[in-house]
Each structure stands twice: as C-alpha cells, then as structure tokens.
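These notes concern the structure reproduced below.
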Amino acid sequence: MGQVTAGNRTVAERPPSGPVGLGAAEAAERLRVEGPNSVAAPVRRHLVTRVARQLVDPLVALLLAAAVVTALLGDLPDTVVIVLVVLVNTVIDVVQEVRADKAIAALDQLAAPTARVVRDGVDLVVPAVDLVRGDLVRVEAGDVVPADLLLGESSRLHLDESALTGESVPVVRDVGEEVAAGTVVTTGRGTGTVVRTGAASALGRVTALVAATRPAATPLQRRLVALGRVLGLAAVSLSALVFGVGVLGGQPVVEMAITAVSLVVAAVPESLPAVVTLALALGARRMAGARALPRRLHAVETLGSVTVIASDKTGTLTEGRMSVQQAVTPDGAGYAVSGTGYAPHGEVRRDGARVGVPDELRRLARAGLLCNDAALLPPEPDRPEWGAVGDPLEAALVAFAARCGLDPLTTRTAWPRVAEHPFDQANRRMTTVHRTCEGRYLVVCKGAPENVLTRPVVDATDDELAELTDAAHQLASAGLRVLAVATALVTELPDPADPAGLRPAGLVAVGDPLRAGAADIADRFDAAGVRLLLITGDHPATAAAIGGQLGLWRDGDPLVRGDDDDLTDVHPAARVFARTQPDQKLDIIAGLQAAGHVVAMTGDGVNDAPALRRADIGIAMGGGTEVARQASDLVLVDDNLTTVAAAIGEGRRIYDNIRRFLRYALSGGVAEVAVMLLGPLFGLPVPLLPAQILWINLLTHGLPGVALGAEPAGPGTLRRAPRSPQESVLGGGLGRAILLTGALIAAVALAAGVAAAALDRPWQSVVFVVLGLAQLGVALAVRAPRPEGRGHGNPGLLVAVLLSALLQVAGVLLPPLRELLGTAPLGPVDLFACVAVSALPGVLLRLLRRPAEAVGGGGTNGPRAGTSASPR
Ligand code: ATP
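Residues in the sequence shown are numbered consecutively from 1, following full-length UniProt numbering.
As structure tokens, this is what we get:
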C-alpha cells in the first residue's frame, strides 16, 4: 500500500487534490461524544469481583471453613496461618490475573484492525475504533469494511456479506448504496462516508446479541482444569486416609480434620491456572516484541507442537522487492536490465555490452507499463529510496519501462485504458484495452507463459511458441518469475475477458532477492523437527530454483504441481508446490492434518482466509489484507518467516515451563502426603502440624512457582522434535518424574525425622525444615539447562528461592513464628544438618538429568512418524 509512518499515524499516498473529509479536531470531538467504533465493550473486571472469584474456589472455601473451626476452638495460631495462606494466595493470583489481562489487552490493541480515512485532505491509516460518523473511508480488495458506509465512489466494488447474511456469493455495491460493517471487499475499491459506527452499525446489531466474551480457554488450559479435578480428588482421598489413620492412631478428631484440610490445600497446586494463563500471556507479549503477534492465546501453545510450516514465497521467504532483470523480445534477443530497487534509472545490456533500447524491447516495456495498476513514488525526506504503490511485480514493470526510456505518466495518458480484465489467479493473466491516438485499440495481455503463450490467446507458429516457452523455462530455472506479454492492434473494442489472436511481445523475468537469513531457514526448521514447505503460484522451474536456494529442493526431489496433482495426497517428502491456487491450500492442509501433522500456514490475500482458518496456526502477514489478518492466529509484523522460528521456540519454552512448574509443585504435594501417611509407620505419629503444612505450601508454591514460569528457553529448545499435541501434559515421563521427585523429598524428610527422633532432637521441626528446603532445592534443580557461559537468566527464581528458604528457617528460629507454627528451636548444628540433607534431592536430580533434557522426567518427545527432521 506504499505507506510511510508519520508520528503515531500512518500516512498513505497523498492525492494532489481530492476529497477533504472531516477535520482532525471535529473527528476527535465526535469520537468523544459518540464513543469508539467498537462492537463489544472490553471486559473489565473490578478488583472486588476478581477477589470474590478467588474466594469461591473450593479449596479456599475449605480453608476458610477450617479457619472458622480453628477460631471457634480458640486455636489462634492455626487461624492466623490459614488466613495468611488465603491472603497471600489471593494476592498472588489476583496480581497474576491482572498482569495476564493487561498483556492480553495490549496484544488486542496491537492486532486491532485499521481503516484508511481521509481527514483534512490527507489519507491516514487509523485504528478502526477511532472512526466517527462523517469520516470518509477508503476500502479496497482484502479490507473488512470498518463501519457502515454510504458509497460516494465505487469501482467494481464486490462484497462478501456472508459475515452478516450467511450468503457467500459476492454482491456488487454501487455509488449511493450502503456497505455494512464486517463485510469483506473481495474485488475493486470504493470510498464512502461513515453513517453508523460501533454498536449502531450492522455488525454491532448482530454482535450485540453475542455478549462481550472473554477469549476462550486454550486446549492446554482446559486440560489443566481437568487435571486439577483429578488431582483434587486424589488429594481429598489421600487426606481422608491420613485423617482415618490419625484418628485410629488416637489423634484428636478436630486436629486431624484440620490436618487433612491443610494437606488437601498443600497437595493441589491451586496456583496452576494463574501460572498457566500468565505464562501464556507473557509469552504472547514476548512474541509480539519479537514481531510475531499472537491474535489468540492458543497460538502460543499450539506453535510449540507445529510439525509443518507451509509458506508462501513472495514477501515471506523473499523480500517482495521485485525488479525486472531479463527481457526477451519475440525475435529471441535477450537483454539484461539493471537498476536499483524501484528507481527509474538503469541500464540495458546485450551480451554484456550496454546498448540503446531497440524498438521491440521498448514495445514490450510499454505493454508492461500499460497493462499495470502500480505507480512509483519518488523519494521523500522520510523515505530516501524510490517506493511503489500497488503490486510489486507491476511496480517492477513500471521501473523497467522507465529504464527503457518511457515516461509512465505520458505513456499512460497517450494510451488511455478503456477496458480491462483484472489479474485473477485462476487464469493467471491480466488484459487491458487502450485507445490509440488513431482511434484504434491496443490490447495487452500479460501473465504466466503457459496461460498467455497458448492458442487462441496468441496467434503464433509452433516454432515461435516453442522458442519463447523454452526461453521462459530457462529464465524460470534461474529462479526468476517470468511473465509473457502479448499485444494486438484492433479496430473493434474487444472483450478483455477473452483475449484472442494476439501476437507475442516478449518475456520479462523478474527477480526478488531472498530475505536475509532465509537461506538456512529450512535447516533451522529441520533441526526443530518442523518441515518447511514452499507453496507458490509460480512456475515449477522458478519454484524449484528458489526451493534449491532455500535448501528445500534438490534434483530428483518430488515437485508438486497444483495444476495437475491431487494435493490432498502428496508424497510425504514433497516440499515444493508450484502453480497452486489459494483454495488448494485447503487441500494441502487437509492432507497433512489427515497424516497427523500440526500445520501452520501463511497467507496474505483475501482468498487465503479459509486456509488460515483451517490451519492449526494461520499466519498472516502484517503487510497483507485485513481479512487475512482477522482469519489468522498469528500476524508476522515484518512478514518474515524467520520470526516464526523464534515464536515456535517461545511456544515450546512456555510449555516446558508449565511442565517444570507441575513437576515442582506436584512433587512437593506428593512428598507432603507421603510424609503424613508414612510418618506414623516410622515412629513419627504426627509428622507435621496443620500450620506447618500450610506454611510450607505458602513458601514453596507462591513466589518460586511463579518465578519458574519465567525460565528462559533451554539451549536445545529448537533442536528437538515437536511435542505431540495428543500427549498428556503429564506425558513423556513427567508423571513418573513427579512421583520419583516426591519420593526423594519424602525419603530425606522422613530419614531426617527418624534420625532426629533417635538423637532426641525436635524431630517434627526437623521434618518441617527439611521438607520445605528440599522442595526449594528441587525448584533450582528443574531449572532450564543454561547454555555455557551465559548468565543465570532468571534472577527472580534465585531471589524467590532464597527468600522462601530464609522464611522457612525463620519458622524455627524466630520466637513469634515458632509460636504460630508450633515448632521448636533448632541449633546451628541441627540446622546445618537439615540444609545438607535437604540439598540431596535437588543435587541428585541435577546429576541424573540427561544433557539434552529440558523439563526433566522423560526428557524430549521422540518425533512422530513422518515428522522427523529429515537431515538433508
Ligand atoms: P508467491 O508464492 O510468489 O507469493 P503467488 O502464489 O501469489 O506467488 P500468483 O500471484 O498467483 O502467485 O502468481 C502466479 C503467476 O501469475 C505468476 O507466476 C505470474 O506468472 C502471474 N502473475 C502474477 N501477478 C500477475 C499480474 N499482476 N499480472 C499478470 N500476471 C501475473
């Protein structure tokens, strides 16, 4: 769209004279009075509601009931500790929820739709929510109409109104008619005045029925809720067992009931949902910082299990900055054209020597300039290079014409366009008709060689066609995009939809440099177990050449042709797809998904929206159409596919951290239950008092748990196979690792208790200190492996662990805490012994960790059939 940025607004092309639109001050005033152009008010939760939601949690309710019982019994210390636990947990959870909501709201704003509006006579791109009644809005193919508009101008404006009517056949809208907010412009362009915004618009009236909703829970969040239920049930059953054993062993009933409640609370990682939401939301924010904007939270976690990325070529793997490099005239002469970017100056060479521009080449260049909707933009103070508006391929043809000595404006004025058939991907050609000064008509058709150099479009001998087709193939094999051009001079106005009897005018071959870093991108995805596919509408030879430069294709590899092959059932090793249509992307996705792949698909056009929706992760280009952006899960702000590799790493890191948190928190719960159940068997009748259990829970689950969510990615994150989305969150050996870790912690705590009892030391306090410290040691042991020579990367975790450890020890050292927790003082030797014993589980786990292991337990998931990173 040829935009440049000015301040916080984006300024698009500036017409020399034209409509003025509203003034900025008037627009601001209307926005203040009439409100923003948004259909659903953002959901804002009041602090009281947030706190209330925490308090109705069954676990918290259980704790509050226990607090009432202890208070009635006059057991002040237990009441105080219980209330403290509720308070601290509520504060931590509410703070995390607010942080997560803020991160999500910030993302929503970044990904918000924009609109092109004329204000004070200048074309601006503004957030669509800022539109007001009376604004003059421009729409074109690929836009979602941002408000109800009354059309003042319309040029072949076709709208897909299915969002409102369910009818997907595009309708034509003309001057004087209204177009409704939420409908999609499929072709043409138009300008209209805003007549209704926000809830009053057609879209608003429909969506008002659907009350403002929060983003749906992601699959992982849903699975964790289910896991929470199972864990809750297990904890309740085991605590009931502890209660029964205690009461049968002669312990007071009320005391044992409170112990059981405390144990339930300790065994269930109640902060899990908060930790997960925050990890996802903060991950999403980090991705946005890396220029990959997740539009839905689920994208963050799904990205981690993507096994195939199907990518467009132009603009995604290449820079999308095109220039004509070679041209061939009908007599078979080949020319090399040079020049920088879209600058109109350059040289024409033949056989290495600079030459003048022969008539045949000039005619070819003129045809390319006429059958063309692009324009060049001269440099400006804030844009030092020549720019372009319109299709980059056509802009390259304008620059080529200028390099051949033609003045675009004069030429287009001398040969005015009287009819046209726009480029469409089905025919892969575009035809225009121009009136000549003698009153005849010049027909120009340009497009893919197979679609132009064919009868009846052209009237040429077999030899002529064979020669040009051969030349086109050679140019394509060099990685260039080849266009054939044909023209005819006729006396009657022809039908541009059905060109016939034209004469070949030649070939132009357009180059588009690979993006920096694209050459090894296939290797990077390979290493991460993600297969990169190149899907293009280009010629197979061009696709193969570019595929070769990207490391995706070698001689002998399969090459799929959209024109001939069945795309739902392609060779598993196929990586390059040529001459495909946008709707064939759906077939490719269906085939891959049926083979068990998790597919990410890129797209930017109107026709890509269904594929973006169908893919597990739809990736839209920031510079693409609004429709594509709205259909996608992830928007690449810089259109650069290498950014996706980073986003995949982020997705995996978040999942790893959630598993890390589970391992840490659940193994602590397992240990506490085990100590309480087995203690009596080892002569420790009541290993821990309720207040002590809750204190450990408070210190271990609270800050260290949250801090684990911020662990950096391990060095091997992008060098292992993706996780299977079917695998349970406790899969890959994590369940076993949790039991093992819990058993280790319980073993050292019980051993220390038994030894202390034998030595006649305050064994209960020893169990208390060792159980807490050993869990904190595990928090350090399950950290992500650090790459050599890099700093800690997550100082928050160290601080949280240190602080919690100090508070844990303070529980036996400070008299007021001793009173509260019912502990006995421990001397320096006792404490030293406790610390030494507590370090054992962590140290052991660290030693047992396999080098590539990121999360502990079963380590990495093996690649599934067909997903392995095929080394090339
Ligand atoms: P990519 O993979 O590079 O993003 P694409 O899949 O978008 O490409 P299309 O734009 O559909 O490919 O182009 C397919 C073919 O149609 C091109 O190889 C070219 O020959 C022809 N073509 C593209 N744009 C035009 C145009 N504006 N006028 C005429 N022909 C065109």
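Cβ coordinates follow ideal geometry from the N, Cα and C atoms, glycine included.
From a predicted model like this one, the values you see are computed outputs, not experimental measurements.
Residue ranges of uninterrupted beta strand (DSSP E) with 3 or more members, entirely inside the segment 78–135 and ordered along the chain, are 114–119, 122–127.
In terms of Cβ geometry, V328 and G320 do not form a close pair [threshold 8 Å]. Judged by their CB atoms, I535 and T642 are not nearer to each other than the 8 Å cut-off. Of the candidates N640, D135, P344, T717, N640 places its Cα closest to the Cα of A519. Contact check between the segment 449–458 and the segment 503–513: three or more CB pairs, one atom from each, fall below 8 Å, which counts as touching. Secondary structure of V598 (DSSP, three-state): coil.
Closest option to L493, judged by alpha-carbon separation, among A147, T431, T542, V801: T431. DSSP lists A509 as the bridge partner or partners of V482.
In the same chain as T823, and ignoring 5 residues on each side of it, the C-beta atoms closer than 8 Å to its own belong to Q692, P762, Q764, S765, F768, G811, V812, L817, in chain order. The way I'd put it, the segment 257–270 does touch the segment 679–692; three or more beta-carbon pairs between them come closer than 8 Å. In this structure, G352 lies away from H345, with their beta-carbon atoms at least 8 Å apart.
If you check the C-beta of T643 against ligand 1, you find no heavy atom less than 7 Å away. Ranked by how close their Cα comes to the Cα of T197, the residues G188, V137, A590, G152 have V137 in first place. Beta-bridge analysis with DSSP links K446 to M430, V485.
Of the candidates A674, T186, G447, P496, the residue whose Cα lies closest to the Cα of A472 is G447.
Exclusion of T602 from the 7 Å shell around ligand 1 follows from its C-beta lying no nearer than that to any non-hydrogen atom of the ligand. Where H298 is concerned, the enclosing alpha helix (DSSP H) starts and stops at 297–303. Here the alpha carbon of R222 sits roughly 34 Å from the alpha carbon of R575. By the neighbour-count criterion, in which 16 or more other beta carbons inside 10 Å mark a residue as buried, F832 falls on the exposed side. Non-local beta-carbon contacts of F423 in its own chain, meaning distances under 6 Å to residues more than five positions away in sequence, involve M430 in chain order. Shown here, A519 sits in coil according to DSSP, grouped into three states, outside any helix or strand. Taking 8 Å as the cut-off, the Cβ atoms of G21 and V98 do not count as close. For G249, the closest alpha carbon among the candidates G753, V686, V748, G842 is that of V686. The closest CA to that of G190, considering only T717, V778, H158, is found on H158. Using a Cβ-Cβ distance cut-off of 8 Å, the segment 699–708 and the segment 614–630 are not in contact, since fewer than three pairs of beta carbons, one from each stretch, lie closer than that value. A Cβ-Cβ separation of about 4 Å places A476 in contact with H539 under the 8 Å criterion. About 7 Å separates the beta carbon of G142 from that of V185, a gap short enough to meet the 8 Å contact definition. Contact between the segment 657–667 and the segment 262–271 is present, with at least three C-beta pairs closer than 8 Å.
Here the alpha carbons of L282 and S162 stand approximately 35 Å from one another. For V225, the three-state secondary structure derived from DSSP is helix. Pairwise C-beta distances place the segment 150–157 in contact with the segment 176–185, as three or more of them are shorter than 8 Å. Contact annotation: A401 and P408 have beta-carbon atoms nearer than 8 Å. C-alpha of L87 to C-alpha of A66: approximately 14 Å in a straight line.
C-alpha of L759 to C-alpha of I696: approximately 24 Å in a straight line.
In the three-state scheme derived from DSSP, where H, G and I count as helix and E and B as strand, A824 is classed as coil. In the three-state reduction of the DSSP assignment, Y655 falls in the helix class, which pools H, G and I.
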